[in-house]
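Chemist:
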Amino acid sequence: MNPDSLFSLITHPLSSTDRSLIEKAFVFAKEKHKDQKRNSGEPYFAHVLAVAENCAKLDMDTETIVGALLHDVLEDTETSEEEISEQFGENILFLVKGVTKLGHLKYHGAERHVESLRKFFIAMAEDLRVLIIKLADRLHNVQTLQHVPPEKQKRIALETIEVHAALAGRLGMEQLKDMLEDYAFPFAYPKEYETTRTIMETIVPEAKKVIASAHKKIEETLKDFSIAGTVASRIKATYSTYKKLVKYNMNTELVYDIVALRVITNSVTDCYQVLGLIHMLWKPIPKRIKDFIALPKPNGYQSLHTTVITDHGIVEVQIRTRDMHHKAELGVASHLVYKEEDASKKKLVPSTQSRFAWIDSLKDMSDLPGKPSTFLKQLHMDLFRDRIFVFTPKGDVIDLPEEGTPVDFAYAIHSDVGNAIASARINSKIAPLTTILHNGDIVEIITSKNAHPSAKWLEYAKTSLAKRHIRAYIAEHGGVLDRLLTKKA
36 MNPDSLFSLI THPLSSTDRS LIEKAFVFAK EKHKDQKRNS GEPYFAHVLA VAENCAKLDM
96 DTETIVGALL HDVLEDTETS EEEISEQFGE NILFLVKGVT KLGHLKYHGA ERHVESLRKF
156 FIAMAEDLRV LIIKLADRLH NVQTLQHVPP EKQKRIALET IEVHAALAGR LGMEQLKDML
216 EDYAFPFAYP KEYETTRTIM ETIVPEAKKV IASAHKKIEE TLKDFSIAGT VASRIKATYS
276 TYKKLVKYNM NTELVYDIVA LRVITNSVTD CYQVLGLIHM LWKPIPKRIK DFIALPKPNG
336 YQSLHTTVIT DHGIVEVQIR TRDMHHKAEL GVASHLVYKE EDASKKKLVP STQSRFAWID
396 SLKDMSDLPG KPSTFLKQLH MDLFRDRIFV FTPKGDVIDL PEEGTPVDFA YAIHSDVGNA
456 IASARINSKI APLTTILHNG DIVEIITSKN AHPSAKWLEY AKTSLAKRHI RAYIAEHGGV
516 LDRLLTKKA
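Here the working numbering is used: the first residue of the sequence shown is 36, the next is one more, and so on.
Now the structure itself:
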């Protein structure tokens, strides 16, 4: 086993120093794991190498690839933190420690699992590369799940879908999310997997026939109008198909996008021109035209979507630029850049940090009180629920989870605004603080000197950020009496 397979996957230029560091980590990890075997009987180092290769496929930097090669040496060998620091530096030690925090507490019950998640999110908020390595690690683990004892398979698979794949999706890493879900699906929900696979075996061939003529027609039209672009088909991932089927009560006639066409262009202008041409060719289905270019998804995804009625059937078409496609595949990994914090320390952060502002709130989640079930519920609300875009009167966009309220909106703007909220106008109409906000709502917060948070507000708020500020205010301003009065009322 040599590092050639790893180097062949790295597409960005490597300096001689970078190459030497990767080779050094390769030799170091191989030696440390030399006497260890996986459940499959293969050398444990094969897993380590696979994780590093997964990171290389995500176009990650040298430190991340080195961290991936070393990600298990603290947990599974006699290697000390001091040794890693001396050999590879503090940045790489931080990455390895961040990944190890989850590893130490795997599969020991909800209480410890939740605590590991708290620590993991703190590390992730400090440096997203911790998450990238962990997701690359989990991907190889579910790819080899057949070798794990049966009593652990379902638990690992469910955790993969509910936590790891959900995080990958939240970061816009659609390709990785689909792979995590599809490898875990047969072990998490075996009956549902078999049903979905059977349905897809029937639908996909027919859908391919429907889109074949549309594919050819779009290519001819691009050529006629001198628009540079490529047209390709894509098959929806199995687990995503299952979720879509469940949404429509397993009615396959309502699922139009199991097979879809994707048009990749050179510019945003071309994207809109292609959309117009497609609508010139075929009649679009109302309410199924989505502009994620003008209004990107919270995870940064951009594309135009339309569903049209062709001569042979219904076809979904996605239109995006090459850059948008690259970012749709890699998500946050495509945004990572070095940011110098000071002369001695550099940190990898998203170049468009505002697009992933929710990452900063992960630290807030580590302070959430209550039982593990409470933390997990809040985790799913803050990170894994579908997101909505809500606007200020000036047109600024606020990203909230579904079921978010004006209280969440106010605290998302600023804690001082949240602490003084008296009422809200939603789409120019006065609305109570309990109102559930919807995508596209325009919200104006009305504040008052006499308004202040009460324990009742905790029922209105859905995000951990809002709840943290409310609790802090109550604690500072006689929260005990306030809670008693609220309870009596």
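Even glycine gets a Cβ: it sits at the ideal position worked out from N, Cα and C.
Which ranges would you report for the alpha helix (DSSP H) in the segment 250 to 334 if only whole runs of at least 4 residues count?
Modeler: 273 to 282 and 303 to 316
Chemist: Hey, how far is the Cα of Ala459 from the Cα of Gly430?
Modeler: Working through the sequence shown from its first residue, we reach residue 459 at position 424. Working through the sequence shown from its first residue, we reach residue 430 at position 395. Put simply, the backbone Cα of Ala459 is about 16 Å away from that of Gly430.
Chemist: What does the alpha-carbon distance come out to for the pair Gln181 and Asp443?
Modeler: Indexing the sequence shown from 1 puts residue 181 at position 146. Indexing the sequence shown from 1 puts residue 443 at position 408. When rounded, the distance between both Cα atoms is 43 Å.
Chemist: Roughly how many angstroms lie between the CA atoms of Glu288 and Glu254, to the nearest whole one?
Modeler: Translated into the one-based positions of the sequence shown, residue 288 becomes position 253. Translated into the one-based positions of the sequence shown, residue 254 becomes position 219. Each residue's Cα considered, the two are about 27 Å apart.
Chemist: Suppose the cutoff is 6 Å on Cβ atoms and the five residues either side in sequence are ignored; what does the same chain contact list for Ile293 look like?
Modeler: What you label residue 293 is simply residue 258 of the sequence shown in a count that begins at 1. The answer, listed in chain order, is Ile238, Ala242, Lys271 and Thr276.
Chemist: Would you call Tyr283 buried or exposed, if buried means 16 or more other Cβ atoms sit within 10 Å of its Cβ?
Modeler: Sequence index remark: in the sequence shown, residue 283 carries index 248 (1-based). So Tyr283 counts as exposed.
Chemist: Can you list, in chain order, the residues of its chain with a C-beta nearer than 8 Å to that of Asp217? Leave out the 5 residues immediately preceding and following it.
Modeler: Taking the sequence shown and counting its residues from 1, the one referred to as residue 217 is at position 182. Excluding positions up to five away in sequence, the list reads Ala272, Thr273 and Tyr274.
Chemist: State the Cα-Cα distance for the pair Ile100 and Arg173, rounded to the nearest angstrom.
Modeler: The residue given as residue 100 occupies position 65 in the sequence shown. The residue given as residue 173 occupies position 138 in the sequence shown. The alpha-carbon atoms of Ile100 and Arg173 are separated by roughly 15 Å.
Chemist: Just the C-alpha distance for Ala85 and Leu193, rounded to the nearest angstrom, thanks.
Modeler: Stepping through the sequence shown from its first residue, residue 85 is reached at position 50. Stepping through the sequence shown from its first residue, residue 193 is reached at position 158. Their backbone Cα atoms lie some 22 Å apart in a straight line.
Chemist: According to the neighbour-count rule (16 or more other Cβ atoms, all chains shown, within 10 Å of its Cβ), is Ile505 buried or exposed?
Modeler: The count along the sequence shown starts at 1 and reaches residue 505 at position 470. Under this definition Ile505 is a buried residue.
Chemist: Could you check the C-alpha separation between Leu109 and Lys322 for me, to the nearest Å?
Modeler: Here residue 109 corresponds to residue number 74 of the sequence shown, with the count starting at 1. Here residue 322 corresponds to residue number 287 of the sequence shown, with the count starting at 1. Cα-Cα distance, rounded: 53 Å.
Chemist: So, Ala445 versus Ile456, is the Cβ gap smaller than 7 Å?
Modeler: In the sequence shown, the residue the question calls residue 445 occupies position 410. In the sequence shown, the residue the question calls residue 456 occupies position 421. Their beta carbons are under 7 Å apart, which means Ala445 touches Ile456 by this criterion.
Chemist: Identify which residue in Glu113, Gln308, Leu316 and His347 has its Cα closest to the Cα of Leu339.
Modeler: The residue given as residue 339 occupies position 304 in the sequence shown. Nearest of Glu113, Gln308, Leu316 and His347 to Leu339, Cα basis: Gln308.
Chemist: Alpha carbon to alpha carbon, how far is Ile471 from Thr482?
Modeler: As a first step, residue 471 must be located in the sequence shown, where it is residue number 436. As a first step, residue 482 must be located in the sequence shown, where it is residue number 447. When rounded, the separation of the alpha-carbon atoms in Ile471 and Thr482 is 19 Å.
Chemist: Do you know how far the Cα of Asp94 is from the Cα of His106?
Modeler: Against the sequence shown, residue 106 aligns to sequence position 71. Against the sequence shown, residue 94 aligns to sequence position 59. Approximately 18 Å between the Cα atoms of the pair.
Chemist: Check the DSSP bridge columns for Arg355 and list the partner residues they point to.
Modeler: Counting from one through the sequence shown, the residue named residue 355 turns up at place 320. Looking at the DSSP assignment, Arg355 forms a beta bridge with Ile299.
Chemist: According to DSSP, which residues form a beta bridge with Ile423?
Modeler: Here residue 423 refers to the residue found at position 388 when the sequence shown is read from its first residue. Bridge partners of Ile423: Leu435.
Chemist: Out of Ile433, Pro48 and Leu211, which one is the CA nearest neighbour of Ile448?
Modeler: The residue given as residue 448 occupies position 413 in the sequence shown. If we check each option's Cα against that of Ile448, Ile433 comes out closest.
Chemist: For Thr341, does the three-state DSSP call read helix, strand or coil?
Modeler: Within the sequence shown, the letter at position 306 stands for residue 341. Strand.
Chemist: By the three-class DSSP mapping on this structure, what secondary structure does Thr52 have?
Modeler: Translated into the one-based positions of the sequence shown, residue 52 becomes position 17. Looking at Thr52 - three-state DSSP - the assignment turns out to be helix.
Chemist: Whole-angstrom Cβ separation of Ala171 and Ile196, contact assumed at under 8 Å?
Modeler: Walking along the sequence shown from the start, residue 171 turns up at place 136. Walking along the sequence shown from the start, residue 196 turns up at place 161. Incorrect: roughly 17 Å between the Cβ atoms, too far for contact.
Chemist: Identify every run of the alpha helix (DSSP H) within the segment 441 to 473, keeping only runs that are complete inside it and at least 4 residues long; order them along the chain.
Modeler: 441 to 448 and 450 to 454
Chemist: Which same chain residues end up closer than 6 Å to Ile45 when comparing Cβ atoms and leaving out the 5 residues on each side of it in sequence?
Modeler: By one-based count along the sequence shown, residue 45 stands at place 10. Correct list, in chain order: Ala91.
Chemist: When you compare each of Gln353, Gly102 and Gly335 to Leu56 by their alpha carbons, which one comes out closest?
Modeler: Taking the first residue of the sequence shown as position 1, residue 56 is located at position 21. When each option's Cα is compared against that of Leu56, the closest is Gly102.
Chemist: Return the bridge partner residues of Thr482 from the DSSP annotation.
Modeler: Position 447 of the sequence shown, counting from 1, holds the residue named residue 482. Bridge partners of Thr482: Ile456.
Chemist: Going by C-alpha distance, which of Arg164, Pro221 and Pro38 is nearest Arg190?
Modeler: As a working note, residue 190 is residue 155 in the sequence shown. Ranking Arg164, Pro221 and Pro38 by Cα distance to Arg190 puts Pro221 first.
Chemist: Give a single yes or no on whether Phe222 has its beta carbon closer than 6 Å to a heavy atom of the ligand MG.
Modeler: The model depicted lacks the ligand MG and carries no ligand whatsoever.
Chemist: Suppose the cutoff is 8 Å on Cβ atoms and the five residues either side in sequence are ignored; what does the same chain contact list for Thr265 look like?
Modeler: Residue numbering aside, residue 265 sits at position 230 when the sequence shown is read from its first letter. Taken in chain order, the residues that qualify are Val298 and Ile299.
Chemist: What did DSSP end up calling Pro78 once you bin it into helix, strand or coil?
Modeler: The count along the sequence shown starts at 1 and reaches residue 78 at position 43. Three-state DSSP puts Pro78 in a strand.
Chemist: Return the CA-CA distance between Thr112 and Thr231, expressed in angstroms with no decimal places.
Modeler: For the purposes of this step, residue 112 is taken as residue 77 along the sequence shown, with counting starting at 1. For the purposes of this step, residue 231 is taken as residue 196 along the sequence shown, with counting starting at 1. Those two C-alpha atoms are separated by around 42 Å.
Chemist: Just to check my reading of the structure: Gln122 and Phe63 have Cβ atoms closer than 8 Å, yes? What is that Cβ distance to the nearest angstrom?
Modeler: Looking up residue 122 in the sequence shown gives position 87. Looking up residue 63 in the sequence shown gives position 28. Indeed they touch by this definition, with Cβ atoms about 7 Å apart.
Chemist: List the endpoints of the continuous alpha helix (DSSP H) containing Val165.
Modeler: Mapped onto the sequence shown, residue 165 falls at position 130. From DSSP, the alpha helix (DSSP H) with Val165 extends over Arg164 to Gln178.
Chemist: Provide the residue span of the alpha helix (DSSP H) that contains His487, from first to last.
Modeler: Position 452 of the sequence shown, counted from the first residue, corresponds to residue 487. Per DSSP, His487 belongs to no alpha helix (DSSP H) and is neither H nor E.
Chemist: Taking the alpha helix (DSSP H) that Thr99 falls in, what are its first and last residues?
Modeler: Against the sequence shown, residue 99 aligns to sequence position 64. Thr97 to Leu104 is the extent of the alpha helix (DSSP H) around Thr99.
Chemist: On the criterion of 16 or more Cβ atoms from any shown chain inside 10 Å, does Phe260 qualify as buried, or is it exposed?
Modeler: Against the sequence shown, residue 260 aligns to sequence position 225. Answer is exposed; the Cβ neighbour count stays below 16.
Chemist: Classify Ile45 as helix, strand or coil using the three-state DSSP reduction.
Modeler: Mapped onto the sequence shown, residue 45 falls at position 10. If DSSP states are grouped into helix, strand and coil, Ile45 belongs with coil.
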